[in-house]
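**Student:** Below is the structure I would like to discuss, written out as structure tokens.
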């Protein structure tokens, strides 16, 4: 129940909203300017195509007005200041988090997120068990005190003396590679531009002698049409001490327009290039042997089903294949004769969906998913006998890094923070000092795993985080989170801000929807391309399950998701608006007929489909949230959040979706837009903006679900 002061403030705001709704123009006016697009003989009218032009004065004025409306609504909420203080305390009081761990030349490197610093920094240390040797190598917070500079990725030289670092500004992920001397932290050599962009990412791989590195490169000005500036990624080589203009082309002229390249190298000097065909999951692999006369040769093609590859120190390359094995099997090939047809099977398909692999001495470590939670196995490479290693219950293995004859595993759960554990082949585990501690204590909480039944009878897992003793009386404010795409799995993970929700009697549920990879490639393919509606059916079934099990009611249920999960939110609120009281959708995709015209949208075609294909157009048009909005419908309250510098999802999707919804439902629940100039898709966002964003999101959900 609301305290009297909170009740009065909330009532005042609701009255103010009602007054707005009764006016002739309750929301900032968005003029209807009809444009007709024709697809396979179907005419589709778009009233808000003009909002795709971010630079136009009309768009800027409208966005500014929407932001003012959102600020006036959220800033007026009683208790918002206290909520912000709580979220700031949760986010800034936690200890450091280390990720991207790797070793080179006897030196360990990692990205370190250290509140209250605005951005993660790159550090080095002698050993994960000796943090007294830690030192900063590259600190973006020193290079840009306002938090506007971020590290996209880093790659140390084989001897550990230098490190290549991609830096970008304001969450844009538009990065150039800078070279730093590890001992002094000073920048050396030249800056290599056009290495990283959110469309195809970016990567660097050093030559064995450390005298240069291979890198991904987007077209230079004049090489391609302006529309192709962030496509046609290729591989170039930079020799240290030489001007960038002398960098030489290596491979990539025949790669797809939407290639996404990741590079790696062996200690012996061989190079490996993974080339994904956009975001749909298919990849080919190319290997370059050592020696002056070596040439690149293709090891696996797009249709061969190889999903990951890495070098061992034993002259073999190890492959994770889903060809004929949707959950994955492990193969190995001699680097000297990399013929896929002759690959040796090390681990056949089993119950777990294989995910991460690391080769340490004579042991192969492999983690897999059991529908969400992880399993970790150690395989003796001589006997090929696997051994299941013990993990904390309902936990996830997020990374594996070889460490002598053992492995370092990054493990987390819904109730325990991220920590790097050192494990040997026998299963002996030791938590390293690279472990996060937090003000958020979840010892009074529990995780239960339940299953919803989807429209076609498929059982869909739900991971439900709740306080112990939660009464199932239908009165619990509940957030249902979903994603369902790209084969990305929703694994157990620790979030400090969920504590603020649970403190107020909230329940937090995460659905393992089809389209993800929790049960292998078949689970992914059941929810992509023309089968995307399956993902929305799964999410709707999860919501209905929470209601049927008396966790909550539609008046107390909120939906939350971002990016591809934002598309899910758009589908949920247009297909079943009666199920939810509120929706928070972050950096979402909503116009499925025009998304492929965006630079990064073209990379999504292999996952979503294309309007150029009739069957795919019909599927896209059938669920496209922007086109499924119906006038006169009572919609859930909605908060759309996006960033001006988002190179992954065009912010125009949020603008168009909001304008359409406000026109369709001008007198209903609040439909709000929050656009920030300080971020993009979320990566590289300063800590201060993260605090502000989380405060606004929870304040909105507390308000709409009647949470004190």
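In mature numbering (1 follows the signal peptide of the UniProt record, and there is no 0), the protein residues as written are -23 to -1, 1 to 685. Idealized CB from N, CA, C, for every residue including glycine. Given the structure is predicted, the values throughout are model-derived calculations rather than measurements.
1) For residue 429 and residue 575, what's the separation of their Cα atoms in angstroms?
2) Anyone know if the C-beta pair for residue 338 and residue 311 falls short of 9 Å?
3) Under 7 Å Cβ to Cβ from residue 690, same chain only, skipping five residues before and after it: list those, please.
4) Just tell me which of 507, 38, 531, 505 has its CA closest to the CA of residue 517.
5) Excluding the 5 residues preceding and the 5 following residue 281 in the sequence, name in chain order all residues of the same chain whose CB lies nearer than 8 Å to its CB.
6) Between the region 508 to 526 and the region 534 to 547, do at least 3 Cβ pairs fall closer than 8 Å?
7) Which residues bound the beta strand (DSSP E) around residue 102?
8) With residue 39 as the anchor, note down where its alpha helix (DSSP H) starts and where it stops.
9) Less than 9 Å separating the beta-carbons of residue 245 and residue 210?
10) In chain order, which alpha helix (DSSP H) runs of at least 4 residues are fully inside the region 601 to 683?
11) According to the Cβ coordinates, are residue 742 and residue 378 closer than 9 Å?
12) What span of residues does the alpha helix (DSSP H) with residue 520 cover, start to end?
13) Which same chain residues, not among the five before or five after residue 409, have their C-beta less than 8 Å away from its C-beta?
14) Pull up the CB-CB distance for residue 294 and residue 315, whole angstroms please, since I reckon it's below 8 Å.
15) Here's the rule: buried if 16 or more other CB atoms are within 10 angstroms of the residue's CB, otherwise exposed. What is residue 200?
16) In chain order, which continuous runs of the beta strand (DSSP E) of length 3 or greater are located wholly inside the region 183 to 209?
17) Touching or not, the region 645 to 657 and the region 615 to 622, by the rule of three or more beta carbon pairs under 8 Å?
18) Kindly confirm or deny that the region 637 to 648 and the region 598 to 614 touch, where touching means at least three C-beta pairs closer than 8 Å.
19) Compare the beta carbon distance of residue 454 and residue 563 with 9 Å and say whether it is the shorter of the two.
20) Measure the alpha-carbon distance for residue 673 versus residue 51 and round it to whole angstroms.
21) Within the continuous beta strand (DSSP E) that includes residue 585, where are the two ends?
22) From the DSSP output, in three-state form, read off residue 26 for me.
23) According to the neighbour-count rule (16 or more other Cβ atoms, all chains shown, within 10 Å of its Cβ), is residue 83 buried or exposed?
24) To the nearest angstrom, how far is the alpha carbon of residue 2 from that of residue 148?
25) Tell me residue 754's beta-bridge partners as DSSP assigns them.
26) Is residue 594 helix, strand or coil by DSSP?
27) May I ask you to verify whether the region 246 to 255 touches the region 587 to 594, counting CB pairs closer than 8 Å and requiring at least 3?
28) Indicate the three-state DSSP secondary structure (helix, strand or coil) for residue 237 in the structure shown.
29) Got a sec, what are the start and stop residues for the alpha helix (DSSP H) residue 399 sits in?
30) Would you mind working out which of 32, 18, 36, 21 sits nearest residue 8, comparing C-alpha positions?
31) Go to residue 566, then tell me how far its alpha helix (DSSP H) extends in each direction, as first and last residue.
32) Please report the distance separating the alpha-carbon of residue 387 from that of residue 456.
33) Starting from the Cα of residue 306, find the closest Cα among 420, 332, 288, 313 and give me that residue.
34) Can you round the beta-carbon distance between residue 296 and residue 304 to whole angstroms, since I take them to be within the 8 Å contact cut?
35) Taking 9 Å as the cut-off, decide whether the C-beta atoms of residue 636 and residue 28 are in contact.
36) Can you check the region 254 to 297 for any beta strand (DSSP E) of at least 3 residues that lies completely inside it and give the ranges in chain order?
**Tutor:** In brief:
1) 35 Å
2) It is not a contact, given that the beta carbons lie outside the stated cut-off.
3) This structure gives no information on residue 690, because the portion of the chain shown stretches from -23 to 685.
4) 531
5) 261, 298, 300, 317
6) yes
7) Where residue 102 is concerned, the enclosing beta strand (DSSP E) stretches over 98 to 102.
8) Residue 39 -> alpha helix (DSSP H) spans 34 to 52.
9) no
10) 602 to 605, 629 to 641, 664 to 682
11) Absent from the model: residue 742. The displayed extent of the chain is -23 to 685, so no value can be given.
12) Taken as a continuous stretch (DSSP letters only), the alpha helix (DSSP H) holding residue 520 covers 510 to 525.
13) 105, 106, 385, 396, 397, 398, 399
14) 6 Å
15) Label assigned to residue 200: exposed.
16) 189 to 194
17) yes
18) yes
19) no
20) 7 Å
21) No beta strand (DSSP E) holds residue 585; the alpha helix (DSSP H) holding it covers 582 to 585.
22) helix
23) Residue 83 should be labelled exposed.
24) Reliability of the predicted coordinates at residue 2 is poor, the pLDDT of 42 falling under 50, and the value obtained from them is presented with this limitation in mind. Approximately 34 Å, taken between the alpha carbons.
25) Any question about residue 754 goes unanswered here, given that the chain covers just -23 to 685.
26) Helix at residue 594.
27) Because the criterion of three Cβ pairs below 8 Å is not met, the region 246 to 255 and the region 587 to 594 do not touch.
28) strand
29) Taken as a continuous stretch (DSSP letters only), residue 399 belongs to no alpha helix (DSSP H), being part of the beta strand (DSSP E) at 396 to 400.
30) 36
31) Looking at the DSSP string, residue 566 is not in any alpha helix (DSSP H), and its letter there is neither H nor E.
32) 27 Å
33) 332
34) That belief does not hold up - the Cβ atoms of residue 296 and residue 304 are roughly 15 Å apart, past 8 Å.
35) yes
36) 260 to 265, 273 to 277, 283 to 288
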